[in-house]
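Data block below; observations after.
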Amino acid sequence: MIIKNGLVFTENNTFAPMTVHTSGGLITALTAPDASNANTPDSAEDTSVFDAAGCYVLPGLTDIHFHGCDGYDFCDGTPEAFDAIGSFALSRGITSICPATMTLPEADLSGICENAARYRKAQLCGKTAQQAADLIGIHMEGPFINAHKKGAQNDAHILQPDASLLRRLQKKADGLIRLVSLAPELPGAISCIEECREEFRFSIAHTEADYDTAMAAFSAGADHVTHLFNAMPPFTHRSPGVIGAAFDTPSSFVELICDGVHIAPGAIRAAFRLFGEERIVLISDSMEATGKPDGHYRLGGLAVFVSGSRAVLSDGTLAGSVTPLYGCMLTAVSIGIPLESAVRAATINPCRSIGMDKLYGSISVGKKAHFLILNQQDLSITSVIKDGHCLKAPHPEGKPADSRHS
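If you read the sequence shown in the numbering used here, its first letter stands for residue 81, the second for the next number, and so on.
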């Protein structure tokens, strides 16, 4: 495929006019926007042409922290659920996914990991849904969390950090676990990070950790913070906590849920100023109600009620979001985050944060031919292209205000 006449999001995190050439599902060349170049491809290249005039050409989005959508949860652990989640994500421009588990018994987590690994192998062989996002990892959000900051997790299944458990699950997952969230103040947490730092990436999450404990976790090898501001102590002038420790650790990434509910606009703008666009990872933290009507749903075995843009437990605790990553990116732009910064935070940053940036996250020769085509006027989705093939019917998207069921 040849994509021409669009403004392409480059490795320099800017938009520039250029022609993108793909073949065999990979990007093969980036050339000047010259018709002669675009029409004289390599003999092995797919010569179909996609005219992106009036559009931005983005890398496909990558969500490294969400639980489900379209009525399914990743923890359902079935091929049907994985297909539905991947298909819904792809229709919203999310071409690669690293879904999150919940705080569940080891037997349940083991089954989810084993089935996810089997699904990924089938996906690589073309034996799954053709129009579905690539399953590129698993994010273990739990069971190593602090009960006092459990959020919508089930505290009946909380465990202390355990390297042997992680390795058992990773074996079941066939290496698919990319990120492990944990509370560093738990007994054994720091030693677990130190022991397994070469095998897993660790994220501080659902925690009451103070600044010193968080810094100890970063020193031990953690390099990520799960949904910054949420389920952790606030940043104050005498107790900067996890947020201050992350700021003082330039190698760390921080997640933000920009769904218009979890974090106030001023806090989002402050986070971008504090950490810089190169360290922010936009996530959706979406749950199974995403894309479905208001009503009653479940998350990690707990009852959730959804009304409008809010998903809550019976006690009012937020239970994930109902906005896909595309909607979160638009919301960030709508509150003043530059488009280039928001795109970076939803594409290359998440891929770098889980070590998958060699194949995903940017428009560069040798990477996956995954693209999200947006109208320059209103940022609505024009097309989604995966592996060099345009989706037959991408979901029509609106502006940030429409993101609840988008």
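Even for Gly, the Cβ is constructed at its ideal location relative to N, Cα and C.
Query raised in the report: Exposed or buried, Lys438, counting other C-beta atoms within 10 Å across all chains shown (16 or more means buried)?
Result: What you label residue 438 is simply residue 358 of the sequence shown in a count that begins at 1. Burial call: exposed.
Report task. With DSSP as the reference, label Arg318 as helix, strand or coil. Result -> As a working mapping, residue 318 is identified with position 238 in the sequence shown. In the structure shown, Arg318 sits in coil (DSSP, three-state: anything other than H, G, I, E or B).
Query - Three-way DSSP call (helix, strand, coil) for Ser190 in this model - result: What you label residue 190 is simply residue 110 of the sequence shown in a count that begins at 1. Ser190 falls in the helix class under three-state DSSP.
Report task. Check the C-beta distance from Ala212 over to Asp163 and give it rounded, since I have them as a contact under 8 angstroms. Result -> Here residue 212 refers to the residue found at position 132 of the sequence shown. Here residue 163 refers to the residue found at position 83 of the sequence shown. Contact flag correct, Cβ pair sits at about 6 angstroms.
Requested in this report: Put Ala269 into one of helix, strand or coil per three-state DSSP.
Outcome: Working through the sequence shown from its first residue, we reach residue 269 at position 189. Helix at Ala269.
Query raised in the report: Taking C-alpha atoms, which residue in Thr316, Ser319, Asp339, Leu204 lies nearest to His307?
Result: The residue labelled residue 307 in the question sits at position 227 within the sequence shown. Comparing Cα-Cα distances from His307 to each of Thr316, Ser319, Asp339, Leu204, the minimum goes to Asp339.
Query raised in the report: Contact between the segment 303–319 and the segment 333–347: three or more CB pairs below 8 angstroms?
Result: yes
Query raised in the report: Of the choices Ile461, Cys470, Glu279, whose alpha-carbon is the least far from that of Gly134?
Result: Here residue 134 refers to the residue found at position 54 of the sequence shown. Checking every option, the nearest Cα to that of Gly134 belongs to Ile461.
**Report entry** CA-to-CA distance, Gln456 to Ser319, given in whole angstroms
**Finding:** By 1-based counting over the sequence shown, the position of residue 319 is 239. By 1-based counting over the sequence shown, the position of residue 456 is 376. Cα to Cα, Ser319 sits roughly 43 angstroms from Gln456.
Report task. Could you spell out where the alpha helix (DSSP H) holding Phe333 opens and where it closes? Result -> Stepping through the sequence shown from its first residue, residue 333 is reached at position 253. Segment 333–337 is the beta strand (DSSP E) holding Phe333; no alpha helix (DSSP H) there.
Requested in this report: Pick helix, strand or coil for Lys207, following the three-state DSSP scheme.
Outcome: Within the sequence shown, the letter at position 127 stands for residue 207. Residue state, collapsed to three classes: coil.
**Report entry** Whether Met220 touches Gly380 by CB criterion (8 angstroms)
**Finding:** By one-based count along the sequence shown, residue 220 stands at place 140. By one-based count along the sequence shown, residue 380 stands at place 300. No, Cβ-Cβ distance for Met220 and Gly380 is not below 8 angstroms.
Query raised in the report: Secondary structure at Asn92, three-state DSSP: helix, strand or coil?
Result: Taking the first residue of the sequence shown as 1, we reach residue 92 at position 12. In this structure, Asn92 counts as coil in the three-state DSSP scheme.
Query raised in the report: Are three or more beta carbon pairs between the segment 222–235 and the segment 394–412 nearer than 8 angstroms?
Result: yes
Query - Exposed unless 16 or more other CB atoms sit within 10 angstroms - verdict on His317 - result: What you label residue 317 is simply residue 237 of the sequence shown in a count that begins at 1. His317 is exposed by the Cβ-count criterion.
Query raised in the report: Which residues in the same chain have their Cβ closer than 6 angstroms to the Cβ of Ser442, if we skip the five residues on either side of it in sequence?
Result: On the sequence shown, position 362 is the one that residue 442 refers to. For Ser442, where only same-chain residues beyond five positions count, the Cβ hits under 6 angstroms are Glu91, Pro139, Ile428.
Query raised in the report: Who are the near neighbours of Gly166 in its chain, counting only those whose CB is closer than 7 angstroms to its CB and skipping five residues on each side?
Result: On the sequence shown, position 86 is the one that residue 166 refers to. Counting only Cβ-Cβ distances below 7 angstroms, and skipping sequence neighbours, we find Ile177, Ala209, Ala212, Ala213, Leu215.
Query - 8 angstroms CB neighbourhood of Ser394 in its chain, flanking five on each side removed - result: As a working note, residue 394 is residue 314 in the sequence shown. Only Ala383, Phe385 meet the Cβ criterion.
Query raised in the report: What's the C-alpha gap between Pro314 and Cys205?
Result: In the sequence shown, the residue the question calls residue 314 occupies position 234. In the sequence shown, the residue the question calls residue 205 occupies position 125. If you take the alpha carbons of Pro314 and Cys205, they lie about 46 angstroms apart.
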